[in-house]
Structure formats: structure tokens, C-alpha cells
Amino acid sequence: MSNDPLLQPYQLKHLTLRNRIIVTAHEPAYPEDGMPKERYRAYTVERAKGGVAMTMTAGSAAVSKDSPPVFNNLLAYKDEIVPWIREMTDAVHEEGAAIMIQLTHLGRRTRWDKGEWLPVVAPSHHREASHRAFPKKIEDWDIERIIKDFADAAERMKAGGMDGVELEAYGHLIDQFNSPLTNDLDGPYGGSLDNRMRFCFDVLKAIRTRVGDDFILGVRYTADECLPGGTGREEGLEISKRLKESGLIDYLNVIRGHIDTDAGLTDVIPIQGMANSPHLDFAGEIRAATKFPTFHAAKIPDVATARHAIASGKVDMVGMTRAHMTDPHIVRKIIEKREDDIRPCVGANYCLDRIYQGGAAYCIHNAATGRELTMPHTIAKADRRKKVVIVGAGPAGLEAARVAGERGHDVVVFEAANDPGGQIRLTAQSERRREMISIIDWRMSQCEKLGVTFHFNTWAETETVQAENPDVVIIATGGMPHTEILSKGNELVVSAWDIISGDVKPGSNVLIFDDAGDHSGLQAAEFLANAGAKVEIMTPDRSFAPEVMAMNLVPYMRSLQKLDVTFTVTYRLESVEKNGNQLVAHVGSDYGGVNKQRTFDQVVINHGTIPLDELYFELKPASSNLGEISHDQLIDGRPQTVWRNADGKFQLFRIGDAVSARNTHAAIYDALRLLKDI
Numbered sequence: 001m002s003n004d005p006l007l008q009p010y011q012l013k014h015l016t017l018r019n020r021i022i023v024t025a026h027e028p029a030y031p032e033d034g035m036p037k038e039r040y041r042a043y044t045v046e047r048a049k050g051g052v053a054m055t056m057t058a059g060s061a062a063v064s065k066d067s068p069p070v071f072n073n074l075l076a077y078k079d080e081i082v083p084w085i086r087e088m089t090d091a092v093h094e095e096g097a098a099i100m101i102q103l104t105h106l107g108r109r110t111r112w113d114k115g116e117w118l119p120v121v122a123p124s125h126h127r128e129a130s131h132r133a134f135p136k137k138i139e140d141w142d143i144e145r146i147i148k149d150f151a152d153a154a155e156r157m158k159a160g161g162m163d164g165v166e167l168e169a170y171g172h173l174i175d176q177f178n179s180p181l182t183n184d185l186d187g188p189y190g191g192s193l194d195n196r197m198r199f200c201f202d203v204l205k206a207i208r209t210r211v212g213d214d215f216i217l218g219v220r221y222t223a224d225e226c227l228p229g230g231t232g233r234e235e236g237l238e239i240s241k242r243l244k245e246s247g248l249i250d251y252l253n254v255i256r257g258h259i260d261t262d263a264g265l266t267d268v269i270p271i272q273g274m275a276n277s278p279h280l281d282f283a284g285e286i287r288a289a290t291k292f293p294t295f296h297a298a299k300i301p302d303v304a305t306a307r308h309a310i311a312s313g314k315v316d317m318v319g320m321t322r323a324h325m326t327d328p329h330i331v332r333k334i335i336e337k338r339e340d341d342i343r344p345c346v347g348a349n350y351c352l353d354r355i356y357q358g359g360a361a362y363c364i365h366n367a368a369t370g371r372e373l374t375m376p377h378t379i380a381k382a383d384r385r386k387k388v389v390i391v392g393a394g395p396a397g398l399e400a401a402r403v404a405g406e407r408g409h410d411v412v413v414f415e416a417a418n419d420p421g422g423q424i425r426l427t428a429q430s431e432r433r434r435e436m437i438s439i440i441d442w443r444m445s446q447c448e449k450l451g452v453t454f455h456f457n458t459w460a461e462t463e464t465v466q467a468e469n470p471d472v473v474i475i476a477t478g479g480m481p482h483t484e485i486l487s488k489g490n491e492l493v494v495s496a497w498d499i500i501s502g503d504v505k506p507g508s509n510v511l512i513f514d515d516a517g518d519h520s521g522l523q524a525a526e527f528l529a530n531a532g533a534k535v536e537i538m539t540p541d542r543s544f545a546p547e548v549m550a551m552n553l554v555p556y557m558r559s560l561q562k563l564d565v566t567f568t569v570t571y572r573l574e575s576v577e578k579n580g581n582q583l584v585a586h587v588g589s590d591y592g593g594v595n596k597q598r599t600f601d602q603v604v605i606n607h608g609t610i611p612l613d614e615l616y617f618e619l620k621p622a623s624s625n626l627g628e629i630s631h632d633q634l635i636d637g638r639p640q641t642v643w644r645n646a647d648g649k650f651q652l653f654r655i656g657d658a659v660s661a662r663n664t665h666a667a668i669y670d671a672l673r674l675l676k677d678i
């Protein structure tokens, strides 16, 4: 048996877990009609196949109808969920993993205009900033009803074959009772800690009575809200001890912080540029004080940190949840001594930010996650070896090279720059986003193992490509900043890329016109403001940087607000003219009736990219498919068979920003779903 701490089994009551790594509960927003159907099951089972000890599903499966699903949560209050749960649990158990589900009542952490349009309930009228609903103060009959709902839901989960349930307390209704900040009730459920915890214990007792002792029951809760007037460290420790001493639960899943604001949520679940494992030592303090099984997860993205968490005795089970969205086969690769092959989580948080914006979770650089029914995590070998020529070594080109290499093809990549990376290399120049370069480094490492040939500092032309006698040509040349968007004065502006790269010296009074709404605009603003410039970000949209999304916006705002950057929404830059050594910006509005003039010494445009597609169009006449992609074949996962030119010598495709300005995930998805069938 291995002596790796991570690979040691763990006995949790009657349940033997095969190692010390878990996927903690999270809602990837894959349910259909509130049920964990095929897509949800495939996603969950993939992590079990990868060797994880236990996977927890459903970050917050709803137990009551007045806990409507704001994250496309599973609906645990419906009897029809039981057979779907059974199919999933059976499949996970067949792979040797345990499976639990997280149950909750969201309390105020939802909206009244979702689901059945029922009033939001909480132990006070205080609104949660993130979800904005003013709750009804909970009544005695609500409490009785919800306690029963928890027990009913737990019984359904046991009937569905779950190994246990975890109650989601932190930020949700149970924690809203526990915290003095959100509990304005009088006794018996308000006031003293005894009273505030009564709801939690009533729920636990009702569940335990219903499911018996041979069922794992845990609580994920905050032991320190990190808020003035809230549950502090000392009271959190007392809560921890009381949970253990109740005899009702089998483990503690420790959180530190609060999630009622975007900033609070981001401190609980840190993103790139923020410290790794910031709450691990705190979880260790809880374990040491309670001497009770303790689980924890919060930005533990790498095996070394996870191994330390177990070896040092800080926790009994370590959660690597976002890391398993990036690579579901972490444990298998540890066992096979292939840790270098683990695809690294870069903390981009594309997964969670999409959920909180109402979308499904996707990993920024594993396009198979959430698409297990159609996209492979392991690439199959092709029937016939082909010569594949790829132009461009950004994320799209490198993913194409990796997948083609895994298919067993002879792969050659041409890149005009000195180094791979494309726009990601530019992005990674910001200290906070330097983790992004791992997207490139991992692919380069994989390509080297696969024997992919690279030619850097090489401007590929038609003759360059054709000299390779290719069977397939992939154009992944990306794009260049699109700044010619004004009615006058386009020659007077610079791009956000110019600022980030350092190619253009920062001005002292700068307008950034950002209608792309992505990271580039805010990165440029941060660079300029740190250089001492007075900066204004202007957008014609109702909100700025919508493509950055909530949790990624937090570090930018903390930085830019300190630097006194101004944010102006609903105004459009129309033209720029020179006046001496100053620039006069003419500003209008899509709403009409506005014509303003503003003076700056530098104007920066962030308007996405325009494709670098000259080579594609030069090669197109010589290709067998004339560049055409069958969308039906692409979507269905079938090889491309378009044949439009009898004299064509090779198939030609373009991907990523060489097609149109999108994002890193789209570029990688383009490459994976095309090349997996080449």
C-alpha cells in the first residue's frame, strides 16, 4: 500500500472512504427540471471514475418550495427525484466512490420572483445584498413546516441510495438563525446562542429520527463570519463543540467568512491572485479543539497543499472541488505517479461566476467538464495517422495540438512570436492573473510528451503550410485589437493591449472606453492607475465589465476604488479630436439627447479583437472543404466530411479568435470538439 497520506483510507462511522480527497458539494447548474438527469449523472460519475473518495452533489438541493432555485438547484422536495438519485448513486458506487448530497433551505439567499413566487423567509427582515429579496420574518408554522421538509428530503435521499446528507448552513437559513446579525426573533428561536441554534438542532433531530443511525449526517457551516456583530471565532468554536456534542452528526465541514456580498463570497472561495488555502489553518484549529472528523475546502488547487492538509492533521478529508472540475482524474494520476499530467486549476473562477450569473458551470480550460455526454476527458487514438499543421500557439492552437497529438497524429505548429500563449501571455503580465499562464504551460508540457513539433519566430505563409504536405490545417492565429470604431479620430487612440503590454507609455489623465466588457479594459485601468494616472472607465452598457462577472470583479474593485478610478455607465464615446497636446472626447448616449465634450491626454479603446484571418483566406481555395465546417457533424461528434473542391489537398478549419472575438474557454472548446474527431 502507498504511504502517501492522500491515499490512506478513512473510516467515517460505518463508511470506509478509499482515500482522503473529496469533491465538496457544489451546484454546477446542470439539472433538468430540477432533476439530476443524464448530464448531471455523467459529470458526477466522471469524478468517481477518476478515483475520488467521495463526491458530494448539489450545492444546496432545495428542501422547500419557498427555497426556489436561483442556481438551477436540484429540487429535493419532489418525490420524483428519488429514481434519478438512485441511478446516480448506483453509478458512483459502481466506480468505488461514496456519494452524499447537500440539502438546504436558502432562506433569504434567493428571490421571491423565482419558482412559485412565494415570499422569501428568514429570521429577520434584513435583505441579503447579493439576492436583494426583502424577506418575510419567519413564523412558527413556517419553522415547523421547514423542519419537516428537511426530514422528508433526507428520507428521499436515503431512499435514492445516498451514503448521507450534508446540511448547508453557512449563509443559508440555518446560519441565518445562528448568526446574531440575521436573527431578530424572540425566544425560543432568537436571542441567546441556545435559542439561535435551536432551529439547527431541531432539523438535525428530525432528520436523524427519519433516517436512523446508519446514515452519514454532516453540517457545512461558518465558524467565523468575519463580520462585526456576527458569529465570531469564539462563538464559532462553541458552535463547533455543540454540534459535535449533540451526537447527531458525523463530521464538521468548516467554513470561515460570509457570502451575503460578492466580496464576502470571494473571500470564502478565493480566486486567482488571492492566497491559496487561506482558511486551512483555521479548519485545523477547529479539528484540534473538537477532536472530531473535520472536512474543509477553499482554494486547495494543488496536490502538494492537499497532501500537507492531511499529513499535518489539519483536516481528515480535503476538498479539491474546483480542481476536480479542471481535472476529474487527479487521484488516478496520483496513484499512477503522474502528478505532472494533472491539468492545473488556475483559479479563473469561470465555473462559479457563470453559475452566479445564471449559467452552467464550465472550466475555463477543460471544455469536457459538464459536457461528459459529448466531450471526452481522455482522447481516443485515431484509426489513421495524419499530418496536422496548426498556425498559432495561443490557447486554441495549443489545445488543437494537444488533442491531435493524443489522437496519434504528426503535428506541427507555427507561431510568429518568440513564445506560446497568445492573449493569455498578455493577460498573465498582470501579477494577479499570472496563474493563467499555467493554461499554456500545461499544454506545452503535454505537447512535448506527445512529440508535437514547434516552430517559433516563424510567420507562416501559404508556401510554409503547403510545404508540410498536410492532411489537415488548423488556423488558430487569433485576433488583434479592434480600435477603429469612432466616427473620427481612430488614429488618436490606443488599445488596452498597448497599455498592458507596455508598448505605449501611460498618460496622466486617461479615458478608457470599454464596450467589450472583458478583463482587458480593467487590466489596462489597473496598470494606468498604478502608474499614477487619473483614470475614467466609460461604457455604453448599464454596467461595466459584464464579461468579467461577479467574483472576478472583486479584486479589481478593491484595487481600482483605492486608486480612485471613476466608473461611468450608459455613455458612448463617439469621436476624438486633437486640441494642442490634449484630446477632446465627444460623448453621446444610446438613450439619446446627449452631446458632451471631455478633455483627456490619452484615450484607450477596448472593443475586442478583429480576426487575423489573411492566411485562412489565402489557403481556402486549395482546401478540400473550402474552409466549411458542418455544424451538424461538429455538434453530433462526427468527423468532418465536407467535400467541396475535388482538387483540394487538405482540410482547412479555423478556430478561436481567428473566427471571432470570444474568450479562452470558447477557443479551447473549438479545438477540442473539432480535433477529437480528426
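If you read the sequence shown in UniProt numbering, its first letter stands for residue 1, the second for the next number, and so on.
Where a beta carbon is used, it is the ideal one built from N, C-alpha and C, also for glycine.
Keep in mind that this is a model prediction, so the values were computed, not measured.
Would residue i and residue j be called neighbours here (beta carbons separated by less than 8 Å)?
i, j, result
"Arg-41", "Met-88", "yes"
"Gly-370", "Ile-22", "no"
"Arg-220", "Ala-289", "no"
"Ala-671", "Val-465", "no"
"Ile-143", "Tyr-77", "no"
"Gln-176", "Pro-119", "no"
"Gly-257", "Val-268", "yes"
"Lys-387", "Asp-419", "no"
"Ser-575", "Leu-634", "no"
"Glu-94", "Met-35", "no"
"Leu-560", "Glu-526", "yes"
"Thr-110", "Ser-64", "no"
"Gln-60", "Thr-104", "The question names Gln, but residue 60 is Ser in the sequence shown. Closer than 8 Å, so yes."
"Gly-422", "Ile-437", "no"
"Pro-293", "Asn-276", "no"
"Leu-17", "Ile-334", "no"
"Gly-521", "Asp-541", "no"
"Arg-654", "Ile-390", "no"
"Pro-270", "Lys-291", "no"
"Leu-626", "Arg-644", "yes"
"Ile-512", "Val-604", "yes"
"Ser-179", "Gly-230", "yes"
"Leu-398", "Ile-216", "no"
Which residues does DSSP pair with residue i in a beta bridge?
i, result
"Ile-512", "Ile-537 and Val-604"
"Ile-300", "Answer is none; Ile-300 lacks a bridge partner."
"Lys-578", "Leu-583"
"Gly-218", "Glu-166 and Tyr-251"
"Phe-295", "Asn-253 and Met-317"
Could you check where the alpha helix (DSSP H) with residue i kicks off and where it finishes?
i, result
"Thr-462", "462–466"
"Ser-522", "At residue 522 the sequence reads Leu, which differs from the Ser that was named. Run containing Leu-522: 519–530, per the alpha helix (DSSP H) assignment."
"Val-331", "330–335"
"Phe-201", "198–211"
"Ile-499", "496–501"
"Asp-224", "Here Asp-224 belongs to no alpha helix (DSSP H), and DSSP marks it neither H nor E."
Here's the rule I'm using: 16 or more other beta-carbon atoms within 10 Å means buried, otherwise exposed. How should residue i be labelled?
i, result
"Tyr-591", "exposed"
"residue 703", "Only positions 1 to 678 of the chain appear in the structure, and residue 703 is not among them; the question remains open."
"Asp-186", "exposed"
"Pro-328", "buried"
"Lys-676", "buried"
"Ala-380", "exposed"
"Thr-566", "exposed"
"Gln-446", "buried"
"residue 683", "Given a span of 1 to 678 for the chain in the structure shown, any question on residue 683 remains unanswerable."
"Asn-490", "exposed"
"Ala-307", "Going by the sequence as given, residue 307 is Arg instead of Ala. Its Cβ being crowded by 16 or more others within 10 Å, Arg-307 is buried."
"Ser-197", "Note on identity: in this sequence residue 197 is Met, with Ser being the wrong assignment. Answer is buried; the Cβ neighbour count reaches 16."
"Gln-102", "buried"
Terminal residues of the continuous beta strand (DSSP E) containing residue i?
i, result
"Phe-282", "No beta strand (DSSP E) contains Phe-282, which is instead part of the alpha helix (DSSP H) from 280–290."
"Phe-617", "Note, Phe-617: premise wrong, no beta strand (DSSP E); alpha helix (DSSP H) at 614–619."
"Val-403", "That residue, Val-403, is in no beta strand (DSSP E); its alpha helix (DSSP H) goes 395–406."
"Asp-410", "410–414"
Answer yes or no: the CB of residue i versus the heavy atoms of the ligand ATP, is any distance below 7 Å?
i, result
"Gln-651", "By its list of ligands, the structure shown contains no ligand whatsoever, and the ligand ATP lies outside what it can speak to."
Note to self: To test your reading of the DSSP string, which unbroken beta strand (DSSP E) runs of 3 or more residues are found completely within the segment 121–196?
What the structure shows: 164–168
Next item on the list: Tell me the start and end of each unbroken alpha helix (DSSP H) in the segment 422–472 that is at least 4 residues and wholly inside, in chain order.
Entry: 423–427, 437–449 and 462–466
Next item on the list: Give, in chain order, every unbroken run of the alpha helix (DSSP H) that is at least 4 residues long and sits entirely within the segment 4–88.
Entry: 38–49
Check: Can you list the beta strand (DSSP E) stretches of 3 or more residues lying completely in the segment 646–673, in chain order?
Finding: 651–654
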